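What follows is a set of notes on a single structure, which appears directly below.
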Amino acid sequence: QAYVSSPNQMEKARDYLTQAVALARAIEDTSLEALSLFYLGNTYPALGERKRALEYYEQALTQFEVNGDLVNQSLVLTDQAAARSDLQEHQTAVEDFNRALSLARSVGDRAQVARIHNGLGITYQDLGDVPMALEHFSQALPLSRSTGNLQLEYMVINNAGIAYKQLGDYRRALDSYQQSLVLVKKLGNRSNEAQLLNNIGNIYRAEGQSELSVASYEQALSMFRFLKAQPGEAMALNNMGAAYYQLGDYQ
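Residue numbers (this note's numbering): -9 to 241.
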């Protein structure tokens, strides 16, 4: 799956893939048709049209089933489940994830199994079942590490940190965020690094460790400014103000 960086590029991707679907049908290439339908579906969530995405995922899934393509059946079911979860269709999303999980296990795709457990974890968080979410994150983590996929490992650990924070387990949340911070530095993702520093500051502030929270917010603020990310800068400034208020420093 390819990711593009702007709505304009995504619209171009959609237009080219629409042409690809038509041509694949004209030449009766069912494998190409299924892939093009799948990729076409993937353009729509970024364009804010998740219901439209589901239409193409369902067409792609049907063709993948006809072709006996288990790998891509699992992939399209995973993206379909994520779209349903975004549409608040959580129970149906869980069903799709579980179908995808069975297929991924049958073909021995550990990275895909890890992604699905991560997706299930996020969906259970949305359902308010945080312990079940953490169960899925705990299953995803060793699998993601075994594949050497640092981006996937980062996502799982970071999501676990969010879940621990929801439960008020600040020590485990902090540990998760600090592990995530090491990974994003390796990945060179400055935006996620800044967000993590802000999240770490939030944990310290929740624990009443205002001086440590300020230090984290200052690092986040510097990075957001370097990235010219004004929403992040505003968030960090707000959090620093709250931390200084907590310290009793009103200057």
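Quick reminder that beta carbons are idealized off the backbone N, C-alpha and C, glycines included.
Just so we're clear, the structure is a prediction, and the values are computed from it rather than from any experiment.
query                                                                                                                                           : result
Between the alpha carbons of M230 and G191, how many angstroms are there, rounded?                                                              : 9 Å
Is DSSP giving K41 helix, strand or coil here?                                                                                                  : helix
Would you mind giving the Cβ-Cβ distance between A184 and G222, rounded to the nearest angstrom? I have them listed as a contact below 8 Å.     : 6 Å
Let's test the definition: count the other Cβ atoms within 10 Å of the Cβ of D5 and tell me whether it reaches 16, buried, or not, exposed.     : exposed
Hey, L27 and Q49 are a contact pair by Cβ (cut 8 Å); roughly how many whole angstroms apart?                                                    : 5 Å
Where does A53 land, buried or exposed, given buried means 16+ other C-beta within 10 angstroms?                                                : Residue identity check: residue 53 is Gln in the sequence provided, not Ala. With 16 or more other Cβ atoms within 10 Å, it is buried.
Go through its chain and collect everything with a Cβ distance to K175's Cβ below 8 Å, but skip five positions before and after it.             : E183
For the region 87 to 102 against the region 57 to 71, are there 3 or more C-beta pairs whose distance is under 8 Å?                             : yes
Find out if the Cβ-Cβ distance for the pair A196, Y154 is shorter than 7 Å.                                                                     : no
Measuring CB to CB, does L177 end up less than 7 Å from S206?                                                                                   : no
According to the neighbour-count rule (16 or more other Cβ atoms, all chains shown, within 10 Å of its Cβ), is Y235 buried or exposed?          : exposed
Output yes or no for whether 7 Å exceeds the beta carbon distance between Y114 and A104.                                                        : no
In chain order, what are the residue ranges of uninterrupted alpha helix (DSSP H) at least 4 long that sit wholly in the region 32 to 84?       : 40 to 57, 60 to 76
In chain order, what residues of the same chain lie with their CB nearer than 7 Å to the CB of L7, ignoring the 5 residues before and after it? : S26, Y29, L30, T33
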